[in-house]
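Asker: No gaps in the numbering here: position 82 of the sequence shown is 475 in the working numbering, and each next residue is one more. Note that CB positions come from ideal geometry on N, CA and C, so glycine has one too.
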Amino acid sequence: MTTQVWVDGVFTGAVYALVALSLAIVFQPTGVMNFAQGEALVLGAVVGYQVVTLTGWGWPAAVLVTVLAAVLMGIATERMIMLPVRRSGSRHAWIVATLAAALIFQALFTLRYYDVDALRPDPIIAGGFDLFGDPVSWQQVLAVAVAVAVMAGYDAFLRRTAYGRAIRAASHDSDTAVLLGVPVQRIVVLSFVIATLICAVAGLLAGPVLFIGPAAGLIFTIKGFTAAVIGGVGSPRGALAGGMIVGLLDAVVRNLVNATAGNLVAFVLLGLILVVFPSGLFGKRTEAL
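If you want it as structure tokens, here you go:
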């Protein structure tokens, strides 16, 4: 097995880890698993393709547009999901709301880029180097470095800032947090915005290397969800570990067998880990609702 397989596994694992972390960020204060999260990753790829490849404005402009677009998408997603959840009073309304949001964004991307197979701009950093005789692109190294930095940064944000403590308080008991003066609604909106921004940056970094089509969001949501559950929902370290496990397994099995087998092995591992570790590898046990 070549070094390239392992490099690809680490790279895709970093992308899945960022999606997993984004899912956890929304889940903590809301209890909602946002199945529209992968559409934010497609947004990043869309912006990179549109701004860099079609418009030719360059990567600094693409980063700025990605930040602005992600903030707007995060606010819109929060309204599309949380408003019907609150009004319905059903504990399962979030499933329909998040899937509906995913389909809406997917339709918008597909209508605009229906003739584009892959949203693939030029890399942020061109070129690469050889590792044990196999090529490694600087774009892959950048994506992994950013993923690790984001994980460490968000972990420090949760532990050392007032907003981080507020998010933890809201995730533990939102009603009590409100009584203690925690602005839970603001925390919820902020969580959607941060999660969308992280996923959009992941798409911006992955677009030049991975195959990201206009309708690929749900695929990345599923892989990110698998990584989040394996690692333990709510744990940045768990998101990174789960992402790497899914990415490496996927790459190795794809190389040895085929793509379908790679997906199957990841989901079988998910089932086994949930039997042995119901809260994931790094998750904390919680009471059932």
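Who are residue 529's beta bridge partners in DSSP?
Answerer: Walking along the sequence shown from the start, residue 529 turns up at place 136. According to DSSP, which records beta bridges pairwise, residue 529 is partnered with 522.
Asker: What three-state label does DSSP hand residue 452 in the structure shown?
Answerer: If you number the sequence shown from 1, residue 452 lands on position 59. Reduced to three states, the DSSP call for residue 452 is helix.
Asker: In whole angstroms, give me the CA-to-CA distance for residue 681 and residue 438.
Answerer: Taking the first residue of the sequence shown as position 1, residue 681 is located at position 288. Taking the first residue of the sequence shown as position 1, residue 438 is located at position 45. The predicted position of residue 681 is uncertain, since its pLDDT is 41 and thus under 50; a value taken from the coordinates is nonetheless stated next. If I take the Cα positions, the gap works out to 37 Å.
Asker: Give the secondary structure of residue 409 by DSSP, where H, G and I count as helix, E and B as strand, and everything else as coil.
Answerer: Within the sequence shown, the letter at position 16 stands for residue 409. In the structure shown, residue 409 sits in a helix (DSSP, three-state: H, G or I).
Asker: Using alpha carbons as the reference points, say which of 601, 433, 634 and 568 lies closest to residue 587.
Answerer: Mapped onto the sequence shown, residue 587 falls at position 194. Among 601, 433, 634 and 568, the Cα nearest to that of residue 587 is on 433.
Asker: Roughly how many angstroms lie between the CA atoms of residue 633 and residue 537, to the nearest whole one?
Answerer: As a first step, residue 633 is located in the sequence shown; it is residue number 240 there, counting from the start. As a first step, residue 537 is located in the sequence shown; it is residue number 144 there, counting from the start. Approximately 10 Å, taken between the alpha carbons.
Asker: Count the C-beta pairs between the region 526-541 and the region 402-413 that are closer than 8 Å, then say yes if the count reaches three, no if not.
Answerer: Cβ pair count under 8 Å is three or more, so yes.
Asker: If you run the structure through DSSP and keep just helix, strand and coil, what is residue 669?
Answerer: Mapped onto the sequence shown, residue 669 falls at position 276. Residue 669 falls in the helix class under three-state DSSP.
Asker: Would you kindly work out how many angstroms separate the C-alpha atoms of residue 581 and residue 547, rounded to a whole number?
Answerer: By one-based count along the sequence shown, residue 581 stands at place 188. By one-based count along the sequence shown, residue 547 stands at place 154. Going from the Cα of residue 581 to the Cα of residue 547 covers about 16 Å.
Asker: Roughly how many whole angstroms lie between the Cα atoms of residue 524 and residue 399?
Answerer: Taking the first residue of the sequence shown as position 1, residue 524 is located at position 131. Taking the first residue of the sequence shown as position 1, residue 399 is located at position 6. About 11 Å.
Asker: Considering only C-alpha positions, which residue in the set 545, 591 and 449 is nearest to residue 617?
Answerer: Residue mapping note: residue 617 aligns to position 224 of the sequence shown, counting from 1. Here the closest residue by C-alpha is 591.
Asker: Relative to the C-alpha of residue 419, which residue among 584, 674, 601 and 665 is closest?
Answerer: As a position in the sequence shown, residue 419 is number 26, starting the count at 1. Residue 584 is the option with its Cα nearest to residue 419.
Asker: Do residue 673 and residue 626 come within 8 Å of each other at the CB atom, strictly closer than that value?
Answerer: Along the sequence shown, one-based indexing puts residue 626 at 233. Along the sequence shown, one-based indexing puts residue 673 at 280. Their beta carbons are under 8 Å apart, which means residue 626 touches residue 673 by this criterion.
Asker: Does the distance from the C-beta atom of residue 635 to that of residue 654 stay below 8 Å?
Answerer: Start at 1 with the first residue of the sequence shown, and residue 635 comes out as number 242. Start at 1 with the first residue of the sequence shown, and residue 654 comes out as number 261. Not a contact, by the Cβ cut-off of 8 Å.
Asker: Return the first residue and the last residue of the alpha helix (DSSP H) that residue 565 is part of.
Answerer: Along the sequence shown, one-based indexing puts residue 565 at 172. Where residue 565 is concerned, the enclosing alpha helix (DSSP H) stretches over 555-565.
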